[in-house]
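K.L.:
The structure follows.
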Amino acid sequence: MKLELTGITKHFGSLVANDHIDLTVEPGEIRALLGENGAGKTTLMNVLIGLVQPDAGEIRVDGKPVVIHSPKDAIAARIGMVHQHFMLVPVFTVAENVTLGLEPTRALGLLDRRRARSEVRNLSERYGLQVDPDAYVEDLPVGVQQRVEIIKTLIREASVLILDEPTSVLTPGETDDLFRIMRELRAGGRSIVFISHKLKEVQAIADTITIIRRGKVVGERPPTATDTELAALMVGRPVQLRVSKRPAQPGDVVLDVQHLTVAGEHGSPVVDDVSFQVRAGEILGVAGVQGNGQTELCEALLGLRPASGSVLLNGRDVSHATPRDRLRAGIGYIPEDRQEDGLVGDFSVADNMILDVYDRRPFASGIALDLSAIRDNAVSRVAEFDVRTTSVDTATQTLSGGNQQKVILAREIGREIKVLLASQPTRGLDVGSIEFVHRRIVEQRDQGVAVVIVSSELDEIYALADRIAVMYEGKITGFRTPAVSVEELGLLMAGGSGAGRPGTLPEADRSSTAVTEKSGSSARSGPAAEAPADPPDDSAPGGPP
Amino acid sequence: MSEQQSGSPPAPSQRPPPAARRPSASFSRTILDAVVKGSPTVVTILAFVAAVVLGGLLIAFSDTTVLHAWSQFFSAPGNAIAQAWDAAAAAYSAMFEGAILNPHTVSAAFHGGSVGAIFYPLSQTASDATPLVLTGLSVAIAFRAGLFNIGASGQWVGGAIVATYLGFGISLPPVIHVIVCLLGGFAGGAVIGWIVGELKARTGAHEVIVTIMLNYIMYNFLSFLLGTPKALQQPGQSNLISPPVAASARLPHVGGPPPQVDAGFLIALAAAAGVWWLLSRSTIGFRFRTVGANPSAARSAGMNVEESWVLVMLIAGGLAGLAGAAVILGPVQSITFNSYGTYGFDGITVALLGRASPVGVVLAALLFGALHAGGTAMEAATQVPSSLVQVLQGLIVLFVAAPPLIRAMFRLRAARAAGLEAVPKGWNT
Numbered sequence: 151m152k153l154e155l156t157g158i159t160k161h162f163g164s165l166v167a168n169d170h171i172d173l174t175v176e177p178g179e180i181r182a183l184l185g186e187n188g189a190g191k192t193t194l195m196n197v198l199i200g201l202v203q204p205d206a207g208e209i210r211v212d213g214k215p216v217v218i219h220s221p222k223d224a225i226a227a228r229i230g231m232v233h234q235h236f237m238l239v240p241v242f243t244v245a246e247n248v249t250l251g252l253e254p255t256r257a258l259g260l261l262d263r264r265r266a267r268s269e270v271r272n273l274s275e276r277y278g279l280q281v282d283p284d285a286y287v288e289d290l291p292v293g294v295q296q297r298v299e300i301i302k303t304l305i306r307e308a309s310v311l312i313l314d315e316p317t318s319v320l321t322p323g324e325t326d327d328l329f330r331i332m333r334e335l336r337a338g339g340r341s342i343v344f345i346s347h348k349l350k351e352v353q354a355i356a357d358t359i360t361i362i363r364r365g366k367v368v369g370e371r372p373p374t375a376t377d378t379e380l381a382a383l384m385v386g387r388p389v390q391l392r393v394s395k396r397p398a399q400p401g402d403v404v405l406d407v408q409h410l411t412v413a414g415e416h417g418s419p420v421v422d423d424v425s426f427q428v429r430a431g432e433i434l435g436v437a438g439v440q441g442n443g444q445t446e447l448c449e450a451l452l453g454l455r456p457a458s459g460s461v462l463l464n465g466r467d468v469s470h471a472t473p474r475d476r477l478r479a480g481i482g483y484i485p486e487d488r489q490e491d492g493l494v495g496d497f498s499v500a501d502n503m504i505l506d507v508y509d510r511r512p513f514a515s516g517i518a519l520d521l522s523a524i525r526d527n528a529v530s531r532v533a534e535f536d537v538r539t540t541s542v543d544t545a546t547q548t549l550s551g552g553n554q555q556k557v558i559l560a561r562e563i564g565r566e567i568k569v570l571l572a573s574q575p576t577r578g579l580d581v582g583s584i585e586f587v588h589r590r591i592v593e594q595r596d597q598g599v600a601v602v603i604v605s606s607e608l609d610e611i612y613a614l615a616d617r618i619a620v621m622y623e624g625k626i627t628g629f630r631t632p633a634v635s636v637e638e639l640g641l642l643m644a645g646g647s648g649a650g651r652p653g654t655l656p657e658a659d660r661s662s663t664a665v666t667e668k669s670g671s672s673a674r675s676g677p678a679a680e681a682p683a684d685p686p687d688d689s690a691p692g693g694p695p
Numbered sequence: 005m006s007e008q009q010s011g012s013p014p015a016p017s018q019r020p021p022p023a024a025r026r027p028s029a030s031f032s033r034t035i036l037d038a039v040v041k042g043s044p045t046v047v048t049i050l051a052f053v054a055a056v057v058l059g060g061l062l063i064a065f066s067d068t069t070v071l072h073a074w075s076q077f078f079s080a081p082g083n084a085i086a087q088a089w090d091a092a093a094a095a096y097s098a099m100f101e102g103a104i105l106n107p108h109t110v111s112a113a114f115h116g117g118s119v120g121a122i123f124y125p126l127s128q129t130a131s132d133a134t135p136l137v138l139t140g141l142s143v144a145i146a147f148r149a150g151l152f153n154i155g156a157s158g159q160w161v162g163g164a165i166v167a168t169y170l171g172f173g174i175s176l177p178p179v180i181h182v183i184v185c186l187l188g189g190f191a192g193g194a195v196i197g198w199i200v201g202e203l204k205a206r207t208g209a210h211e212v213i214v215t216i217m218l219n220y221i222m223y224n225f226l227s228f229l230l231g232t233p234k235a236l237q238q239p240g241q242s243n244l245i246s247p248p249v250a251a252s253a254r255l256p257h258v259g260g261p262p263p264q265v266d267a268g269f270l271i272a273l274a275a276a277a278g279v280w281w282l283l284s285r286s287t288i289g290f291r292f293r294t295v296g297a298n299p300s301a302a303r304s305a306g307m308n309v310e311e312s313w314v315l316v317m318l319i320a321g322g323l324a325g326l327a328g329a330a331v332i333l334g335p336v337q338s339i340t341f342n343s344y345g346t347y348g349f350d351g352i353t354v355a356l357l358g359r360a361s362p363v364g365v366v367l368a369a370l371l372f373g374a375l376h377a378g379g380t381a382m383e384a385a386t387q388v389p390s391s392l393v394q395v396l397q398g399l400i401v402l403f404v405a406a407p408p409l410i411r412a413m414f415r416l417r418a419a420r421a422a423g424l425e426a427v428p429k430g431w432n433t
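Quick mapping for you: the protein sequence lines, in order, are chains A and B. Note that the first sequence covers residues 151 to 695 in this note's numbering. Note that the second sequence covers residues 5 to 433 in this note's numbering.
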């Protein structure tokens, strides 16, 4: 089925979310929509499935104009969407979920469970989805839940599938599986619109890449286009994907961690006898699949979580100091979840800029706050860090993720620090923001700060780290230099045994981009959240022996 | 437009709480959000208008004369409507005269009457508002730190007991005595509040449960003291009443003899100013607000969340205790087994109506004070029972708590509908 969009325009107030967008998706094509957060990709797709009515423009299916006023019309036009947040009933089985709304019935209106099950099984086999129709959705890993969503669209006979940021919730292994499924679907003659802001993913899977910036189509490129070219189109200016940095000149040991152990909820330690040293002027990158104790390690280093072992800061033992004292002693902390732990969303930019120095000069004398000092500080920091905000009194929750992160960055590296502890510092940010954050972090290193970066994005580790430590199940499985191969790193991330898959370098490299938040699984509790380290079947680079 | 919000990864709930005592925030959070961010001022005012209109209908149609007139609506529709209007107008004007200004006293003053009498209704309003300002502040300050203080009533009792005891039990020079009694009242309430904060900080016990239970404990403790000779009971009395406080412990009247408003009102205003300063201009208030708005960010910024809970409950309890002292040392002078009345619970309403801001609390307390003062006058002048005041209070709160209802009634557009806050999220321009 051929899908054509012509001149789609949509205004929200004064904002033009879509500005005369033309897009043609050929049958059997994987079309990537690449753009930064806020570029208008999701709006366009919401137009396509009838959640948003365009102000102008036309949608044609196989040359015939169609009007789509609701998702129902979209289904009739054989367009199906897999949303970023799944729309599944956790306590229903896969078959029940899939047939929800179009339940096959027998005489007397009884549900025809058998038919539902067999349809799911057929689709599952045809496209290699490996979904058990009788499994309860709540028991399934995120990747499989996503496949259930795909089956939902298939059973409604969609021939164009829209996948909205599908990899943001997946582990690398799950991403590989998804790409395999997408190829199978393409082979079956279906077209796919793949929405993403991750360069490597669109390069790996798309047949054609359409780049959207500020509501306009700014280009179409083949997947062979370079990173740099795509990023520049996306952002609107040349972007350095990997910040340039001089070789590190490590000085004295600043942070000395010995035998740090954090007890888990179920007895087994979540951080297990971790020891490392970080010198002034060097960046230690802690790599690993999310959920292997990195979060707990950071929290223990800051004193937010009880731990045994010792933490020495410039030779001073801070193992028993409170978070406040450790921050005072010179730790800058960029938490993993900026909205939950880094910022107070209701507070103004100015107030968030002083969250951990509010009771120190010049912001306070005695217990009285100095509002003008707080304001002046915010005004100069906003300028220095290029925070895009209407004023320093704006509530931070209205800022974009990149600008929120800049507020935190401005606060943490704006004061005298000896150690910078940054956990997933660029999670969810777009290319431009990532560049900015990386540059600032390298700048700190060059000023002699000892930096610890915890990241599940291998790209980030490679871009920043002078030394790499890999965490797996709470332990550090090895230290490497940045010259280490992706395979070896993947091996360490998976527990350090077995062999890397030969000849999969580009693939592994690409999937590394997606070693992102396991946050999707956080909605569920239980095994998947506890042991996300387990590489699901043929997943992370380097399987079990 | 709902482009993927770059900054909103789903909260990682797989992480266990750092100290096994994160606040079980959902309930308090909901309430707090409703109070602090809920209704803009215009909704509050419209809620008042709607309540007055509904109250007027209630007045009219509970009046037998009006009902009789309406039974003959079809023969004399004008009469029916006029009767209804008259009944409501009479009640409300009596209320206005009792709470704000009585025109008769103004004309009397011109003919040689007392000028002070003009201010009598306002004075009564201020007097009735005094304890509500203080209990309202108590609830509001706890709100701001993310805690829901249902226990202002029990804390009021704690403060009142100490103030009463110091008031009749010791003898001191006049000014010093009243100050000691007030401080004692603050301390008495603060101890009760502190217990709540400490229990929450150490064990994670939810403050709503703890404060409700402590209310009962304090009510019965008061009864016990009043029923025990040589404790708080007035010698030679079998009733549950304490001896009156000494004259030196009474709050002086401001600008005239009783029943003019006493210095308690000034103390309440000073407390409101103090709370305002504390919340918006001090490091302690900054900490309270941070803890209230996002406890995990507060922790990550090195703030001691538990300590903040204890401190804010101590202050909240102290304010409610001060309300107790202000009542005992002011208009009442001796405590009985049910002196606590509804001060504590009205404080919740006042804080809600005042949207947990000190200025809002003062205004809301004055409104309620006026309703109380006016209600008494209305009951005296017309046949409308003063319990109508409680109906009005209830209606106001109902409408404030349901802004969509008010918006629908007055056809306000929801603030956000005017235009999506369409700030482009990308920042590379």
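Every residue gets a Cβ at the ideal spot worked out from N, C-alpha and C, and that includes glycine. On a predicted model such as this, the values are computed, not experimentally measured, just so you know.
Closest by CA to Ala353/B, which one among Leu402/B, Arg411/B, Ala73/B, Val331/B?
P.N.:
Numbered from its first residue, the second sequence carries residue 353/B at position 349. It is worth fixing the name first, because residue 353/B is Thr in this sequence and not Ala. Of the candidates Leu402/B, Arg411/B, Ala73/B, Val331/B, the one whose C-alpha sits nearest the C-alpha of Thr353/B is Leu402/B.
K.L.:
With a 10 Å radius around its C-beta and 16 neighbouring C-beta atoms as the bar for buried, classify Met237/A as buried or exposed.
P.N.:
Reading the first sequence from its first residue, position 87 is the one you call residue 237/A. Met237/A comes out exposed.
K.L.:
Between which two residues does the alpha helix (DSSP H) carrying Ile484/A extend?
P.N.:
Start at 1 with the first residue of the first sequence, and residue 484/A comes out as number 334. No alpha helix (DSSP H) holds Ile484/A; the beta strand (DSSP E) holding it covers 481-484.
K.L.:
If you measure from the CB of Val295/B, is any heavy atom of the ligand ATP nearer than 8 Å?
P.N.:
As far as ligands go, the structure on display features none, and thus does not contain the ligand ATP.
K.L.:
Name the DSSP bridge partner or partners of Ala545/A?
P.N.:
As a first step, residue 545/A is located in the first sequence; it is residue number 395 there, counting from the start. According to DSSP, Ala545/A bridges with Ser498/A.
K.L.:
Out of Leu184/A, Arg577/A, Ile618/A, which has the shortest C-alpha to C-alpha gap to Asp377/A?
P.N.:
Stepping through the first sequence from its first residue, residue 377/A is reached at position 227. Per the Cα distances, Leu184/A.
K.L.:
Please tell me whether Gly321/B and Val200/B are closer than 9 Å, where the distance is taken between their beta carbons.
P.N.:
Here the question's residue 321/B lines up with position 317 in the second sequence. Here the question's residue 200/B lines up with position 196 in the second sequence. Taking 9 Å as the Cβ cut-off, Gly321/B and Val200/B qualify as a contacting pair.
K.L.:
Would you say Val494/A faces chain E, with C-beta separation under 9 Å as the test?
P.N.:
Looking at the structure shown, chain E is missing, and the protein chains on hand are A and B.
K.L.:
If the cut is a Cβ gap below 7 Å, which residues of chain B does Asp609/A touch?
P.N.:
Taking the first residue of the first sequence as 1, we reach residue 609/A at position 459. Here the premise fails: no neighbours, minimum Cβ distance about 17 Å.
K.L.:
Whole angstroms are fine: how far does the CA of Val420/A sit from the CA of Val604/A?
P.N.:
Indexing the first sequence from 1 puts residue 604/A at position 454. Indexing the first sequence from 1 puts residue 420/A at position 270. In a straight line, the C-alpha of Val604/A is about 16 Å away from that of Val420/A.
K.L.:
Can you find a C-beta in chain A that's less than 9 Å from the C-beta of Ile319/B?
P.N.:
Here residue 319/B is taken as the residue at index 315 of the second sequence, counted from 1. It does not: the Cβ of Ile319/B has no partner Cβ on chain A nearer than 9 Å.
K.L.:
Note down, in chain order, each residue of its chain lying with its Cβ closer than 6 Å to the Cβ of Lys625/A, except the 5 sequence neighbours on either side.
P.N.:
Residue mapping note: residue 625/A aligns to position 475 of the first sequence, counting from 1. Only Asp422 meet the Cβ criterion.
K.L.:
In or out: Phe114/B buried (at least 16 other Cβ within 10 Å) or exposed?
P.N.:
Taking the second sequence and counting its residues from 1, one reaches residue 114/B at position 110. It is exposed - the Cβ of Phe114/B has fewer than 16 other Cβ atoms within 10 Å.
K.L.:
When you compare the region 464-481 of chain A with the region 275-285 of chain B, are there three or more beta-carbon pairs, one atom per stretch, that lie closer than 8 Å?
P.N.:
Not touching, per the Cβ criterion.
K.L.:
Taking C-beta to C-beta, are Ile271/B and Ile145/B nearer than 9 Å?
P.N.:
Looking up residue 271/B in the second sequence gives position 267. Looking up residue 145/B in the second sequence gives position 141. Cβ distance not < 9 Å, so Ile271/B and Ile145/B don't count as in contact.
K.L.:
For the candidate residues Phe329/A, Leu521/A, Val636/A, whose alpha-carbon lies nearest to that of Ser498/A?
P.N.:
Within the first sequence, residue 498/A is the residue found at index 348, counting from 1. For the residues Phe329/A, Leu521/A, Val636/A, the minimum Cα distance to Ser498/A belongs to Leu521/A.
K.L.:
Just the Cα atoms here: how many angstroms apart are Gln399/A and Val592/A?
P.N.:
Sequence index remark: in the first sequence, residue 399/A carries index 249 (1-based). Sequence index remark: in the first sequence, residue 592/A carries index 442 (1-based). Spanning the two alpha carbons is a distance of roughly 12 Å.
K.L.:
In the DSSP assignment, the alpha helix (DSSP H) including Pro81/B goes from what residue to what residue?
P.N.:
For the purposes of this step, residue 81/B is taken as the residue at position 77 of the second sequence. From DSSP, the alpha helix (DSSP H) with Pro81/B extends over 81-103.
K.L.:
Compute the distance between the beta-carbons of Thr627/A and Leu608/A, then report whether it is under 9 Å.
P.N.:
What you label residue 627/A is simply residue 477 of the first sequence in a count that begins at 1. What you label residue 608/A is simply residue 458 of the first sequence in a count that begins at 1. No, Cβ-Cβ distance for Thr627/A and Leu608/A is not below 9 Å.
K.L.:
Taking the beta strand (DSSP E) that Asn187/A falls in, what are its first and last residues?
P.N.:
Position 37 of the first sequence, counted from the first residue, corresponds to residue 187/A. No beta strand (DSSP E) contains Asn187/A, which DSSP labels as neither H nor E.
K.L.:
Closer than 9 Å, CB to CB, is Arg396/A near chain B or not?
P.N.:
Here residue 396/A refers to the residue found at position 246 of the first sequence. With 9 Å as the cut-off, Arg396/A does not count as an interface residue toward chain B.
K.L.:
At a CB distance below 7 Å, what residues from the region 203-219 of chain A approach chain B? Give them in sequence order.
P.N.:
Of all residues in the region 203-219 of chain A, none has a Cβ within less than 7 Å of some Cβ in chain B.
K.L.:
From the DSSP output, which residues share a beta bridge with Lys568/A?
P.N.:
The count along the first sequence starts at 1 and reaches residue 568/A at position 418. Bridge partners of Lys568/A: none, in fact.
K.L.:
At a Cβ threshold of 9 Å, is Phe152/B touching chain A?
P.N.:
In the second sequence, residue 152/B corresponds to position 148, counting from 1. Taking Cβ atoms only, chain A never reaches closer than 9 Å to Phe152/B, which makes this a no.
K.L.:
Report the residue from Glu432/A, Arg455/A, Val216/A, Gln547/A whose alpha carbon sits nearest the alpha carbon of Val412/A.
P.N.:
In the first sequence, the residue the question calls residue 412/A occupies position 262. Answer by Cα proximity: Arg455/A.
K.L.:
Please report the residue range of the alpha helix (DSSP H) in which Met382/B lies.
P.N.:
Here the question's residue 382/B lines up with position 378 in the second sequence. Element bounds for Met382/B: 362-385.
K.L.:
Between the alpha carbons of Trp89/B and Leu367/B, how many angstroms are there, rounded?
P.N.:
On the second sequence, position 85 is the one that residue 89/B refers to. On the second sequence, position 363 is the one that residue 367/B refers to. Whole-angstrom Cα-Cα distance: 29 Å.
K.L.:
Closer than 7 Å by C-beta to Ala55/B: which residues in its own chain qualify, once you throw out the five before and the five after it? Chain order, please.
P.N.:
The sequence position of residue 55/B within the second sequence is 51, counting from 1. Counting only Cβ-Cβ distances below 7 Å, and skipping sequence neighbours, we find Leu396, Leu399, Ile400, Phe403.
K.L.:
In angstroms with no decimal places, state the Cα-to-Cα distance between Thr129/B and Ala194/B.
P.N.:
Position 125 of the second sequence holds residue 129/B. Position 190 of the second sequence holds residue 194/B. Whole-angstrom Cα-Cα distance: 27 Å.
K.L.:
Take Pro177/A as the anchor and find which of Gln390/A, Tyr612/A, Met151/A has the nearest alpha-carbon.
P.N.:
Within the first sequence, numbered from 1, the residue matching residue 177/A stands at position 27. Among Gln390/A, Tyr612/A, Met151/A, the Cα nearest to that of Pro177/A belongs to Met151/A.
K.L.:
If you measure beta-carbon to beta-carbon, which residues of the region 290-301 of chain B are closer than 8 Å to chain A?
P.N.:
Against chain A - using a Cβ distance shorter than 8 Å - the residues of the region 290-301 of chain B are Phe290, Arg291, Arg293, Thr294, Ala297, Asn298, Ser300, Ala301.
K.L.:
With distances taken Cα to Cα, identify the nearest neighbour of Leu451/A among Val439/A, Thr360/A, Gly480/A.
P.N.:
Indexing the first sequence from 1 puts residue 451/A at position 301. Considering only alpha carbons, the answer is Gly480/A.
K.L.:
Tell me which residue opens and which closes the alpha helix (DSSP H) that Gly395/B is part of.
P.N.:
As a position in the second sequence, residue 395/B is number 391, starting the count at 1. According to the sequence provided, residue 395/B is Val. The question's Gly does not apply to it. Per DSSP, Val395/B belongs to the alpha helix (DSSP H) from 391-405.
K.L.:
In the DSSP output, which residue or residues are listed as bridge partners for Thr353/B?
P.N.:
Stepping through the second sequence from its first residue, residue 353/B is reached at position 349. Bridge partners of Thr353/B: none, in fact.
K.L.:
For my contact list, Ile225/A and Val270/A are in at a C-beta cut-off of 8 Å; report their separation, rounded to the angstrom.
P.N.:
If you number the first sequence from 1, residue 225/A lands on position 75. If you number the first sequence from 1, residue 270/A lands on position 120. Wrong, their Cβ atoms sit about 18 Å apart, outside the cutoff.
K.L.:
Taking the alpha carbon of Trp74/B as the point to measure from, which residue in Leu58/B, Ala91/B, Asn224/B has its own alpha carbon closest?
P.N.:
Counting from 1 along the second sequence, the entry for residue 74/B is found at position 70. Among Leu58/B, Ala91/B, Asn224/B, the Cα nearest to that of Trp74/B belongs to Ala91/B.
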